[in-house]
Amino acid sequence: MTTAPERAIDQRDALGEPSDPYPQGQVGRPVLRYGGGDRTSGAQRFVADLRFPGSLQVALVTVPVGCADVLGIDVTAARAVPGVVDVVTAADLPSPMPRFGVSHTDRPVLADGRVNYHGEPVAAVVAETLDAAQAAARAVHVDFRELPGVYTLDDALAPGAHRVQEPSLRPGHALADSNVLEEAHYAWGDVEAEEARTEVVVEETYTFPMVTHFPIEPGGTVAVPTDSGGLDVYSPVQHPYLLQRTLASVLGLPLNQVRVFAPDPGGGFGGKQNPKLEPLLAFLALRTRRTCRLVLSLEETFQSMRRAGCRIAARTGFTADGALTFHSVEADFLIGAYADVAPRVMGKGSYVAAGPYRIPGVRIDARAVMTNTTPSTAFRGFGSPQVSWALESQLDAGARRLGLDGLEIRRRNLVAKGEAFVRGESAATADGEWQQSLDKAAELIGWGTPLPPGRGRGIAVGIKPGATSGLSQSLVRLLADGSAIVYAGTSDMGQGARTLWQQIVADELGAPLEQVSVVSGDTGTVPFDLQTSASRSTVFMGSAVLEACKDVRRRVLDLYAESTGVPPEQLGERPGVLVTPDGELALPEAARVALGSLRGEFIGQGTRRLRGKGKHPLGGDAAFYEFNATAIEVEVDRETGELLLTRHVTVSDVGTELNPLQVVSQDEGAAIMGLGHSQMEQLLLDEHGRIRNLGALDYRIPTFKDVPVELVSAAVENHDGPGPYGSKGISEGALLCTAGALGAAVADAAGVVIRDLPLTPERVWTAIQAACPEEQDAQ
Amino acid sequence: MTSTARVPDHLDADELQTVTLTVNGSERTVAVPTHRTLLDGLREEVGLPGTKSCCAEGECGACTVLLDGRAVNSCLVLCVEAEGHEVTTVEGLSADGLTDLQEEFLNAGAVQCGFCIPGQVVSAEYLLRTNPDPDEVQIREALSGNLCRCAGYQRIVRAVQATAARRSER
Ligand code: FES
Ligand code: FES
């Protein structure tokens, strides 16, 4: 018997054309992970594993509520704890309190008289040992008055609600005196006119929970003051260059005085993109003139990152034959106490709230609503899973009313390649043959084949815009012996970016794979990269690395001409090869000849830049769209409400798989993460705004036992992406529409429609009881 | 309202205890306060940071080590409890290079960010030593205490199966 995992690989092998751009090359092959050996042997050093002799340890002081005025902080007892070096409160930091943030400069380095979410530090203790720091943190006496904080959308939007943000932080802004931080509006066609020709209207409200990233590495920061008055900062961030810029501006230092080392994140998923506690650590290190180290607990990580919850009210119209006529959406994103990147999550997520469909009339009104909760930030999918949950569920509701099935209604409405799915000024058109993914998913789940009683199937699709602007720069050094070093600032947090650079350079420069090494995670030596996010790295940094290789080849050609006297116009180059009048030379050999007895090396530079468009609501057109079709077969236990996923199929439109093994890993991982927010995950708050399920004991994520009986990941390859060899980004697709597929499968299996995630056994059971009172009687 | 300092009453209890244990085959003596966990002792005192810390409450498995040959969450064991016992960490498993199991983790694509992997490898090694030919259900059961947020679960199952097959051929 073949096992489920073997089947997944077999399926993949059977699908599509072989993707090798160079038949003998490394690109397109399941090359094993760069640095994988260290990751299995325990030799990989994450931030908490780095040793800094003589460093000080930091512990944070918080208050046990989500919203409070700080009346006073007494640090006397804390300072008396042996080993304590410093206790820092807002009063010890510059005034006005330095603030930072990617979309609004609103987040203080330390709470400044007001605590805006549970877990926001009001003081930090620095001590010779962690025991002393923690003991002293407990000895800090904080006098505070709890305020009537707002913890839900209804709280925050109620008339007279407590204002999370000081209106003075948004001077002159129309929404300054409200908890709505920003709005986004998209509209095209005439919704009212479309409604007139509509046969069926579905009107429902959906909710998507707050969930937390839960990287297995909680993370932390080490700040080391340098002799020249600058700082070296170690933090497992996705955006080292953003952290560098933020620290430089908060501290008033030039960029070259702030060097960020970014050890590989032990999982990021968006949560480790933007600065959080690093500015505090920077101030502590500069004050004490000592290395300061903070390693977060998992609980502190929960309190520093999460996905925006969402409530979506949708009205959707269909003709009698199932064509969508209009879709109107009001989406409220429950963001947190500070903006972080949440307004963009709201704006970018709601941009695709009408999905990849042909809809003549659309109106989308979305709001980012502040609450006294953990600041929400980027999280795999970036707003798309929320809007997809509502839209896909609406499609299935329409299909049920019209007697169509979930596959058929999607086939009838899905746009073809080149067709617009967002219309109007900021239009977007399909950049892939998306129906192929839908058909493939249907085929792999056995759509339409009979099922035993108690089982059901659902199918859904999702899209997510990729990066809308970007800049990645790379250097490639071809050394005299034919080995090569790549400098690329992408953070390798599990997606395997370095492996791809190794594969690309091996093919482009003809170097053996194992003789290509990659340097990353150091702003002091590695050129600029805007960020590691939005599944951009393959497309952006991959192109920069490819360009750098071409630059190396041109330089080899030039110097070969100079060294040998062969006129350059008689020479040519292509991947791995220099073409001379006497025939082809392997590039490393040509390089050796060109370099001659002085040796030396070739240095190539590559840049990939995508300029934004000022007028576009997203800041520019997406470089590509991630498209995914997911189909799920589920068995519902009517007595307990438990779901057994018997088969889960995910098909992503990937352009070209540069490394099929890594694509499968990312795709399966995203699919299971999608099951997390669909089936079990949700942050619960008490009336004081504290997270009730704070920690691994009470907040459940998928385990080995939650993996579907069969999980099949497949890809569609049409080599039509903007990245190297026709690739697209692939890391988020498989969780975009997991919830919609699961919800439809449960409806098919048990006859109940649930509109609030997650689909916990309790919710499913309750819905079954409500729908079939006779079952209750029978018990 | 105030958030008060429970004045740390254990400061005196911070007196160091000497603990002698065998780690990866060599005897090690460390001086630790009684509340120090085996996890922190291994990472900070013995100097073996391959064992990872995540939840620190026995729920994630990142800290898994073998204690007298049995897989335990080292965050739930006190250092002083390990006095006289034998501990094997991920570093000990791979002292002579990658094991067959670790190779199969790589071959299967099971290793993404890698943070959970040392714990997964130790748990899987324990499983294979106690049940050389586990079926898929047994593997999922045995590893269910090891969380992987990159969710390479299906890949890990494959790695364990491939290792079992390799070992049965020997
Ligand atoms: S750190 Fe020990 S089980 Fe999580
Ligand atoms: S590989 Fe990242 S948590 Fe398991």
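Chains as they are written, first to last, in my numbering: chain A, 33 to 811; chain B, 449 to 618.
Yeah, the Cβ is synthetic: ideal placement off N, Cα and C, and Gly gets one too.
Q: With DSSP as the reference, label H709(A) as helix, strand or coil.
A: Mapped onto the first sequence, residue 709(A) falls at position 677. Three-state result, H709(A): helix.
Q.
I need the DSSP call for G347(A), collapsed to helix, strand or coil.
A. On the first sequence, residue 347(A) is found 315 positions in, with the first residue counted as 1. According to the sequence as given, residue 347(A) is Arg; it is not Gly. Residue state, collapsed to three classes: strand.
Q | Inter-residue Cα distance where the pair is R443(A) and D264(A) | A | The residue you call residue 443(A) lines up with position 411 of the first sequence. The residue you call residue 264(A) lines up with position 232 of the first sequence. If I take the Cα positions, the gap works out to 54 Å.
**Q.** Buried/exposed call for L366(A), threshold 16 Cβ in 10 Å
**A.** Reading the first sequence from its first residue, position 334 is the one you call residue 366(A). Buried, by the Cβ-count rule.
(Q) Measuring straight from C-alpha to C-alpha, what distance separates V435(A) and A386(A)? (A) Locating residue 435(A) in the first sequence gives position 403, counting from the first residue. Locating residue 386(A) in the first sequence gives position 354, counting from the first residue. Rather than Val, the amino acid found at residue 435(A) in this sequence is Gly. If you take the alpha carbons of G435(A) and A386(A), they lie about 22 Å apart.
Q: Answer with buried or exposed for A802(A), where buried requires no fewer than 16 other C-beta atoms within 10 angstroms of its C-beta.
A: Taking the first sequence and counting its residues from 1, one reaches residue 802(A) at position 770. Counting Cβ neighbours within 10 Å, A802(A) comes out exposed, since fewer than 16 surround it.
Q. Start and end of the alpha helix (DSSP H) containing F572(A)?
A. For this step, residue 572(A) is matched to residue 540 along the first sequence. Where F572(A) is concerned, the enclosing alpha helix (DSSP H) stretches over 572-596.
Q | Host beta strand (DSSP E) of S549(A) (start-end) | A | Numbered from 1 along the first sequence, position 517 holds the residue referred to as residue 549(A). Residues 548-551.
Q: Give the interface partners of L514(B) over in chain A, defined as CB-CB distance under 9 Å, in chain order.
A: Your numbering for residue 514(B) matches position 66 in the second sequence. Here the premise fails: no neighbours, minimum Cβ distance about 13 Å.
Q | Under 8 Å from the C-beta of N555(B): neighbouring residues of chain A | A | Residue numbering aside, residue 555(B) sits at position 107 when the second sequence is read from its first letter. In chain order: L64.
Q. Do we get a CB-CB distance below 8 Å when we pair S329(A) with the residues of chain B?
A. What you label residue 329(A) is simply residue 297 of the first sequence in a count that begins at 1. Yes, because at least one Cβ of chain B sits closer than 8 Å to the Cβ of S329(A).
Q: Would you tell me roughly how many angstroms separate the C-alpha atoms of A294(A) and T537(B), rounded to the nearest one?
A: The count along the first sequence starts at 1 and reaches residue 294(A) at position 262. The count along the second sequence starts at 1 and reaches residue 537(B) at position 89. Answer to the nearest angstrom: the Cα atoms are 26 Å apart.
(Q) By the three-class DSSP mapping on this structure, what secondary structure does D738(A) have? (A) The sequence position of residue 738(A) within the first sequence is 706, counting from 1. Correct three-state label for D738(A): helix.
Q: From the DSSP output, in three-state form, read off D175(A) for me.
A: The residue labelled residue 175(A) in the question sits at position 143 within the first sequence. Note: D175(A) maps to strand in three-state DSSP.
Q) Using the beta carbon as the reference atom, which residues fall closer than 6 Å to any heavy atom of ligand 1, ordered along the chain? A) S501(B), C502(B), C503(B), A504(B), G506(B), E507(B), C508(B), G509(B), A510(B), C511(B), N521(B), C523(B)
**Q.** Interface residues of chain A facing R615(B) [CB-CB closer than 9 Å]
**A.** The residue given as residue 615(B) occupies position 167 in the second sequence. Here the premise fails: no neighbours, minimum Cβ distance about 17 Å.
Q: Check each residue of the stretch 710-728 of chain A: if its Cβ is closer than 7 Å to any Cβ of chain B, include it; give the result in chain order.
A: G727, A728
Q.
Less than 7 Å separating the Cβ of I248(A) from some heavy atom of ligand 2?
A. Taking the first residue of the first sequence as 1, we reach residue 248(A) at position 216. Yes, Cβ of I248(A) sits closer than 7 Å to a heavy atom of ligand 2.
Q) For chain B, is any of its Cβ atoms less than 8 Å away from the one on Q694(A)? A) Within the first sequence, residue 694(A) is the residue found at index 662, counting from 1. Yes, its Cβ sits closer than 8 Å to a Cβ of chain B.
Q.
What I want to know is whether the C-beta of L560(B) ends up closer than 7 Å to one or more non-hydrogen atoms of ligand 2.
A. What you label residue 560(B) is simply residue 112 of the second sequence in a count that begins at 1. A small correction: the amino acid at residue 560(B) is Gln; Leu does not occupy that position in the sequence shown. Yes, ligand 2 has a heavy atom inside 7 Å of this Cβ.
Q) In the DSSP assignment, what are the bridge partners of A773(A)? A) Mapped onto the first sequence, residue 773(A) falls at position 741. DSSP lists no partner for A773(A).
Q) Would you report the Cα separation of G556(A) and N288(A), rounded to the nearest angstrom? A) Within the first sequence, residue 556(A) is the residue found at index 524, counting from 1. Within the first sequence, residue 288(A) is the residue found at index 256, counting from 1. One C-alpha to the other measures close to 8 Å.
Q: Consider the C-beta atom of I565(B) and the heavy atoms of ligand 2; say whether any pair is separated by less than 7 Å.
A: Against the second sequence, residue 565(B) aligns to sequence position 117. The answer is yes for I565(B).
(Q) I need the DSSP call for W479(A), collapsed to helix, strand or coil. (A) Taking the first residue of the first sequence as 1, we reach residue 479(A) at position 447. Three-state DSSP puts W479(A) in coil, outside helix and strand.
Q) Roughly how many whole angstroms lie between the Cα atoms of L318(A) and D106(A)? A) The count along the first sequence starts at 1 and reaches residue 318(A) at position 286. The count along the first sequence starts at 1 and reaches residue 106(A) at position 74. Approximately 23 Å between the Cα atoms of the pair.
Q. Run through DSSP, which three-state label would D685(A) get?
A. Walking along the first sequence from the start, residue 685(A) turns up at place 653. In this structure, D685(A) counts as strand in the three-state DSSP scheme.
Q) Any beta-carbon of chain B closer than 8 Å to the one on M337(A)? A) If you number the first sequence from 1, residue 337(A) lands on position 305. Answer no: the Cβ-Cβ gap between M337(A) and chain B never drops below 8 Å.
Q | Environment of G706(A) [buried if 16+ CB atoms lie within 10 Å] | A | Within the first sequence, residue 706(A) is the residue found at index 674, counting from 1. G706(A) is buried by the Cβ-count criterion.
Q. Going along chain A, which residues have a C-beta under 9 Å from Q560(B)?
A. The count along the second sequence starts at 1 and reaches residue 560(B) at position 112. Simply R65, R71, G299, M525, G526, Q527, G528, Q694, S697, Q698, G701.
Q) Out of curiosity, what's the CA-to-CA distance linking V292(A) and A410(A)? A) Here residue 292(A) corresponds to residue number 260 of the first sequence, with the count starting at 1. Here residue 410(A) corresponds to residue number 378 of the first sequence, with the count starting at 1. Their Cα atoms are separated by approximately 21 Å.
Q: Counting only runs of 3+ residues fully inside the stretch 140-208 of chain A, write out the beta strand (DSSP E) ranges in chain order.
A: 155-159, 173-178
Q) Using 8 Å as the Cβ pair cut-off and three pairs as the minimum, do the stretch 108-115 of chain A and the stretch 274-284 of chain A touch? A) no
(Q) Going by C-alpha to C-alpha distance, which of P140(A), A618(A), V550(A) sits closest to E540(A)? (A) As a first step, residue 540(A) is located in the first sequence; it is residue number 508 there, counting from the start. Considering only alpha carbons, the answer is A618(A).
Q | Minimum Cβ-Cβ distance from R597(B) to chain A less than 8 Å | A | In the second sequence, counting from the first residue as 1, residue 597(B) sits at position 149. Yes, R597(B) counts as interfacial toward chain A.
Q) Going along the chain, which residues of the stretch 77-98 of chain A sit with their C-beta nearer than 9 Å to a C-beta in chain B? A) R77, F78, A80, D81, L82, R83, V93, T94, V95, P96, V97
**Q.** Own chain partners of A91(A) with C-beta closer than 6 Å, once the 5 adjacent residues on each side are dropped
**A.** As a first step, residue 91(A) is located in the first sequence; it is residue number 59 there, counting from the start. Contacts found: V157, A165, Q166, A169.
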